[in-house]
Amino acid sequence: MKIFKHRNTSGKDRCIICGKNRDVPTVLIAQDGTRLDNNEAAIQVCVDCLVLRYAPQGCMIYQMLPLQHTTMGIVSGGKT
Ligand SMILES: [Zn+2]
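Numbering (our numbering), first residue to last: 13 to 92.
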């Protein structure tokens with residue numbers, strides 16, 4: 013996972029975890045179902061918002077999001 017020193021704050025994009033558009037170290041996380049040829053949509057997430065877990069039964073690394081989030085982005089609120 014590549015860590016960018018700065019977030020691209022030029023758009024309305026918000027971190028899906030904290031709901032903010034802060035200029036902090038950021039990672040890009042690919043979005044399932046968006047791959048087309050060599051392109052794929054990704055979301056920007058603050059590095060300090062990540063609290064990843066490993067689930068050996070499901071063979072995956074994941075993070076649970078607050079309930080106010082939808083698959084399309086933040087409905088309201090953010091990290092509590
Ligand atoms: Zn964040």
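Beta carbons are placed, not taken as given, at the ideal position from N, Cα and C, and that holds for glycine.
query: Residue 61 CB to nearest heavy atom of ligand 1 below 7 angstroms; result: yes
query: Close-in-space but distant-in-sequence residues of the same chain around residue 33 (CB under 6 angstroms, 5 per side omitted); result: 21, 26
query: Nearest candidate by alpha-carbon position, reference residue 44, set 66, 65, 74, 53; result: 53
query: Cβ shell of residue 16 (< 6 angstroms), same chain only, five flanking positions each side left out; result: 38
query: Cβ-heavy atom distance, residue 41 to ligand 1, below 7 angstroms; result: no
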